[in-house]
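All remarks here apply to the structure that follows.
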Ligand SMILES: Cc1cc2nc3c(=O)[nH]c(=O)nc-3n(C[C@H](O)[C@H](O)[C@H](O)COP(=O)(O)OP(=O)(O)OC[C@H]3O[C@@H](n4cnc5c(N)ncnc54)[C@H](O)[C@@H]3O)c2cc1C
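In my numbering, the protein residues as written are 1 to 433.
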């Protein structure tokens with residue numbers, strides 16, 4: 001059996017930050033990290049498209065993160081919207097800076113080790129009983145020890161335990177939600193989990209993915225629930241075979257929620273996405289513009305150089321459908337709409353409206369594999385926000401995405417990982433129990 005002061009399950013962003021903060025706060029503590037994957041920080045190396053959007057200047061504790069990153073030799077620069085990246089723009093270098101610091105501080109790193117269960121010796125039964133009642137398990141004489149058992153058969157004993165094994169998003173990087181069961185074993189509540197910062201899939205009878213896939217366009221995307229707009233994002237939207245993707249869409253995916261008692265299908269049907277493909281113009285201006293273009297451009301595609309030709313087809317088909325509906329026709333053969341034919345004023349008006357509000361019913365998200373973050377997690381009510389320590393079990397800490405926090409794109413999720421990791425590591429290093 002390996003014995004430590006602090007054992008950290010998960011060698012990702014928050015786990016590495018916790019280990020470093022612990023050793024910096026108290027160089028005497030013996031710290032171990034158990035990491036499922038063959039190397040530390042696999043997900044961190046993939047962040048920000050390999051560039052690592054490491055934090056954001058808008059975060060309240062940005063200065064602390066910046067100081068911490070500098071203390072381990074990470075030099076950064078700020079880009080648009082407060083997004084901060086390593087100056088080199090290389091996520092791999094961020095990982096290697098962390099690993100070098102961990103080695104310098106003497107952290108014991110066990111890679112390829114999957115933690116499968118956690119228990120307390122001497123007072124394990126007591127702990128689970130008290131956990132159930134929500135009462136904090138304070139071992140008065142400080143004799144309890146956490147036992148973390150690995151799939152390999154290795155056991156790590158520690159006075160403090162930091163669970164930093166991430167959520168369920170992108171399991172290809174090792175995060176398959178293992179920590180929730182451990183948390184529940186200590187009486188913790190796990191709030192509803194959902195994959196977020198993910199692509200949004202659209203109803204295939206409305207959305208022609210084969211036509212639109214590969215197109216990217218700068219626009220405004222709004223999320224509508226039960227006919228009411230609940231969120232809006234401006235940015236580049238990417239069209240895929242199944243729906244839409246890109247940062248704006250990722251941010252909207254955070255607002256897709258299923259109510260209690262609803263199936264995924266029922267819940268999602270209440271949502272739609274409305275794309276405004278000319279966000280800088282009002283409908284009236286677009287109508288005038290299109291009338292003018294028709295006069296001057298003649299047979300040239302009405303929407304060419306405004307939007308992609310394939311997207312124009314989708315918009316004009318939508319306009320044709322609306323036009324026929326308003327003139328009382330029962331059905332429309334979408335494929336027969338000729339986009340370069342001269343058209344009447346009603347059709348121009350319908351085209352302008354379709355450009356401003358191209359709407360599709362939502363069917364879901366790309367799921368856990370495509371998601372960059374987990375919504376929901378260990379209830380923050382049960383955690384001391386200043387230290388990350390469990391209010392139910394002394395010496396037990398949580399850090400990172402396993403907690404009930406999810407932020408938008410822009411460096412906010414890594415910021416959460418750094419801050420919660422640092423707080424947990426520092427506190428665990430103090431021998432107060
Ligand atoms: C493709 C992608 C890009 C992203 N880009 C950004 C970005 O640019 N900016 C940003 O702010 N956020 C980004 N995120 C989100 C961010 O990476 C996460 O929120 C953050 O890494 C969470 O940190 P964590 O320490 O909680 O978990 P992770 O960094 O996921 O680390 C958890 C670690 O625990 C290990 N583990 C899991 N179970 C066990 C077990 N049973 N035993 C041992 N080890 C275990 C895992 O292998 C993993 O290494 C991105 C996410 C993805 C998937």
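Note that the Cβ used here is the ideal one computed from N, Cα and C, for glycine as well. This one's a predicted model, so the numbers in the text were calculated from it and none came from an experiment.
Simplified DSSP assignment, three categories, for residue 431: Three-state result, residue 431: coil.
From residue 245 to residue 228, what does the alpha carbon distance come to, in whole angstroms? Straight through space, the alpha carbons of residue 228 and residue 245 are spaced by roughly 22 Å.
For residue 95, which option in 72, 81 and 287 has the closest C-alpha, if you only look at C-alpha atoms? The alpha carbon of residue 95 has as its nearest neighbour, out of 72, 81 and 287, the alpha carbon of 72.
Considering only C-alpha positions, which residue in the set 114, 119, 345 and 354 is nearest to residue 313? Of the listed residues, the one whose Cα sits closest to residue 313 is 354.
Give the straight-line distance between the Cα atoms of residue 388 and residue 210, rounded to the nearest whole angstrom. Rounded to the nearest whole angstrom, the CA to CA distance from residue 388 to residue 210 is 47 Å.
Any idea what DSSP makes of residue 88, helix, strand or coil? Residue state, collapsed to three classes: coil.
Distance between residue 323 and residue 413 (C-alpha atoms, nearest Å): Cα to Cα, the separation comes out at about 45 Å.
Would DSSP call residue 329 helix, strand or coil? In this predicted model, residue 329 has a pLDDT of only 47, less than 50, meaning its place in the structure is not dependable enough to derive any value.
Flag this pair as yes or no: are the beta carbons of residue 151 and residue 277 separated by less than 8 Å? Not closer than 8 Å, so no.
Rank 345, 306 and 309 by C-alpha distance to the C-alpha of residue 295 and give the top, closest one. A check of alpha carbon separations from residue 295 across 345, 306 and 309 identifies 345 as the nearest.
Rounded to whole angstroms, what's the CA-CA distance from residue 74 to residue 68? Just pull it up for me. Taking the straight line joining both Cα atoms gives about 9 Å.
Mark residue 113 as exposed unless 16 or more other C-beta atoms lie within 10 angstroms of its C-beta, in which case mark it buried. That one is buried.
May I have the straight-line CA-CA distance separating residue 93 from residue 400, to the nearest angstrom? Roughly 21 Å separates the two Cα atoms.
Helix, strand or coil: which one does DSSP assign to residue 150? Residue 150 falls in the strand class under three-state DSSP.
Residue 149 beta carbon near ligand 1 (any heavy atom closer than 7 Å): For ligand 1, not one heavy atom lies less than 7 Å from the Cβ of residue 149.
Residue 118 (DSSP reduced to helix, strand or coil): In the displayed model, residue 118 falls within a strand according to three-state DSSP.
Reduced DSSP category for residue 219 - H, G, I as helix; E, B as strand; rest coil: Three-state result, residue 219: strand.
Tell me whether residue 268 is buried or exposed, calling it buried when 16 or more other Cβ atoms sit within 10 Å of its Cβ. When all chains shown are included, residue 268 counts as buried.
Please tell me whether residue 215 and residue 243 are closer than 8 Å, where the distance is taken between their beta carbons. Between residue 215 and residue 243, the CB-CB gap reaches or exceeds 8 Å.
Mark residue 1 as exposed unless 16 or more other C-beta atoms lie within 10 angstroms of its C-beta, in which case mark it buried. Looking at its Cβ environment, which holds fewer than 16 other Cβ atoms inside 10 Å, residue 1 is exposed.
Given residue 391, which residues of its chain have a CB within under 7 Å of its CB, disregarding the five upstream and five downstream residues? Within its own chain, the residues whose Cβ lies closer than 7 Å to the Cβ of residue 391, once the five positions on either side in sequence are excluded, are 136, 382, 383 and 384, listed in chain order.
Please state if the CB of residue 119 and the CB of residue 147 are separated by a distance shorter than 8 Å. In this structure, residue 119 lies closer than 8 Å to residue 147 by Cβ.
According to the neighbour-count rule (16 or more other Cβ atoms, all chains shown, within 10 Å of its Cβ), is residue 305 buried or exposed? Counting the other CB atoms within 10 Å of its CB gives residue 305 a total below 16, which places it among the exposed residues.
Would you grab the beta carbon distance between residue 193 and residue 376 for me? Rounded to a whole angstrom, and I think it's under 8 Å. In this structure, residue 193 and residue 376 form a Cβ contact; the two beta carbons are roughly 4 Å apart against a cut-off of 8 Å.
Please return the same chain residues whose Cβ sits closer than 7 Å to the Cβ of residue 279, not counting the five positions on each side in sequence. 219, 220 and 234, listed in sequence order.
Bridge partners for residue 111 per DSSP, in chain order? In the DSSP output, where bridge partners are listed per residue, residue 111 has 35.
Minimum C-alpha distance to residue 386 - residue among 402, 97, 426 and 266: With respect to the C-alpha of residue 386, the residue from 402, 97, 426 and 266 having the closest C-alpha is 426.
DSSP three-state assignment for residue 59, whether helix, strand or coil: In this structure, DSSP gives residue 59 a state outside helix and strand, which the three-state scheme calls coil.
Under the three-state reduction of DSSP, which class applies to residue 171: helix, strand or coil? Here residue 171 sits in helix by DSSP.
Have a look at the DSSP bridge pairing and note the partners of residue 2. In the DSSP output, where bridge partners are listed per residue, residue 2 has 156.
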